[in-house]
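Read the structure below first, then the notes.
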Amino acid sequence: MTAVSEFISHPKIDAHNHLNLGMRYASYVPWAGFYIPNFPRVLSGLPEMHEIIAQYTRPRCVDEKDVQDLISLAIKDAIADGVTVLEGSIDIGFVNQCGGIDPLLKLVEKIHSKFSSEINFKPELGMGKTFGIEKIQTWAPVLLESGLFKSIDLYGPEIEDGIEEFKNIYELAGKLGIKRKAHVGEFSDANSIRRLVEYFELEDVQHGIGAAKDDSVMQFLLDRNITLHVCPASNVMLSAVPSLDKHPIRKLYDAGLKVTIATDDLLFFNKSVSEQCADLVDVGMFTKEEIFSLMDKSLA
Ligand SMILES: [Zn+2]
Numbered sequence: 032m033t034a035v036s037e038f039i040s041h042p043k044i045d046a047h048n049h050l051n052l053g054m055r056y057a058s059y060v061p062w063a064g065f066y067i068p069n070f071p072r073v074l075s076g077l078p079e080m081h082e083i084i085a086q087y088t089r090p091r092c093v094d095e096k097d098v099q100d101l102i103s104l105a106i107k108d109a110i111a112d113g114v115t116v117l118e119g120s121i122d123i124g125f126v127n128q129c130g131g132i133d134p135l136l137k138l139v140e141k142i143h144s145k146f147s148s149e150i151n152f153k154p155e156l157g158m159g160k161t162f163g164i165e166k167i168q169t170w171a172p173v174l175l176e177s178g179l180f181k182s183i184d185l186y187g188p189e190i191e192d193g194i195e196e197f198k199n200i201y202e203l204a205g206k207l208g209i210k211r212k213a214h215v216g217e218f219s220d221a222n223s224i225r226r227l228v229e230y231f232e233l234e235d236v237q238h239g240i241g242a243a244k245d246d247s248v249m250q251f252l253l254d255r256n257i258t259l260h261v262c263p264a265s266n267v268m269l270s271a272v273p274s275l276d277k278h279p280i281r282k283l284y285d286a287g288l289k290v291t292i293a294t295d296d297l298l299f300f301n302k303s304v305s306e307q308c309a310d311l312v313d314v315g316m317f318t319k320e321e322i323f324s325l326m327d328k329s330l331a
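Residue 32 is where the sequence shown starts when you use this note's numbering, and the numbers rise one by one after that.
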């Protein structure tokens with residue numbers, strides 16, 4: 032067994048972390064005041080995950096204090112894992128809990144400054160495809176123009192219907208120099224990754240593991256210098272890959288692609304960046320030295 036502590040003490044990024052679900056279950060339970068039955072467990076896919084969110088975690092997040100607590104718990108657990116740069120996603124829906132755009136911006140600023148001596152927290156604006164496009168169209172431009180968000184992300188069902196409704200938001204992000212990311216290729220195929228990267232002019236892809244099945248798509252991502260923020264534990268727990276030793280991250284890495292190792296939703300998948308690094312060494316996918324070099328390149 033590889034010692035996790037060696038990876039904890041090594042500087043690293045977590046660039047795929049949904050902060051509302053970004054804390055350990057052990058951190059969440061005392062705050063939430065309840066247990067989620069038979070949890071964490073391997074899930075059959077995103078629909079089962081969303082059932083748990085709808086039944087347990089979403090109803091527990093009601094007001095601004097809840098948002099503050101959840102984000103703070105996630106940042107503390109990232110610090111505990113030795114994460115030095117955190118591109119942490121803040122869901123646009125939190126405008127509701129905070130009672131407006133300005134209170135959310137003030138809250139993010141407050142949290143950012145609270146942890147600034149311990150971690151380089153770069154707030155990311157996360158948008159759910161199913162949240163409601165009218166609100167997103169009203170709120171996202173104001174949030175992006177605040178200068179507080181360093182990246183933007185889009186998630187939800189991996190379908191392309193309706194993505195045109197986000198095009199102007201990605202164009203604005205591009206103009207403002209905000210890094211453009213989106214979720215794709217977790218379950219969807221390689222060509223869907225190419226199409227989304229082209230359509231939104233993405234710089235980074237959240238997941239993107241589907242690219243491993245198509246050499247021409249890997250070459251396309253390489254040519255465009257795209258970074259993939261890969262979450263091996265998430266992929267195993269959501270049954271996107273059968274087991275860690277069969278994970279396509281090695282193939283992506285061997286193709287020369289820039290990959291980082293990220294948590295996705297620590298609450299659900301229960302593996303920090305450092306633990307995943309140790310696990311990937313233990314299953315023989317990478318040597319320790321390769322992982323250290325991957326971590327260093329992720330920060331470059
Ligand atoms: Zn994700």
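Backbone N, C-alpha and C define an ideal beta-carbon position, used for all residues, glycine too. Bear in mind the structure is a predicted one, so any value in this text is a computation, not a measurement.
Annotated three-state conformation of R225 is helix, per DSSP. The C-beta of E306 has 16 or more other C-beta atoms within 10 Å across all chains shown, which makes the residue buried. When secondary structure is reduced to three states using DSSP, K107 falls in the helix class.
Its chain contains V116, L117, E118, G119, K181, S182 as the residues whose beta carbon lies nearer than 8 Å to that of K153, once the 5 sequence neighbours on both sides are disregarded; these appear in chain order. Excluding residues up to 5 positions away in sequence, V314 lie with their Cβ nearer than 6 Å to the Cβ of D276 in the same chain. As computed with DSSP, P154 is found in a beta bridge with G119. Considered as a whole, the segment 215-271 harbours 235-238, 258-261 as its complete beta strand (DSSP E) runs of no fewer than 3 residues, in chain order.
Short note on D295: C-beta closer than 7 Å to some heavy atom of ligand 1. Relative to ligand 1, even the nearest heavy atom lies 7 Å or more away from the CB of H41. Straight across, the Cα-Cα distance linking E196 with K160 is about 9 Å.
For the pair A293 and C262, the CB atoms are nearer than the 8 Å cut-off. With a threshold of 7 Å, the Cβ atom of H49 counts as near ligand 1, since some heavy atom of the ligand is closer than that.
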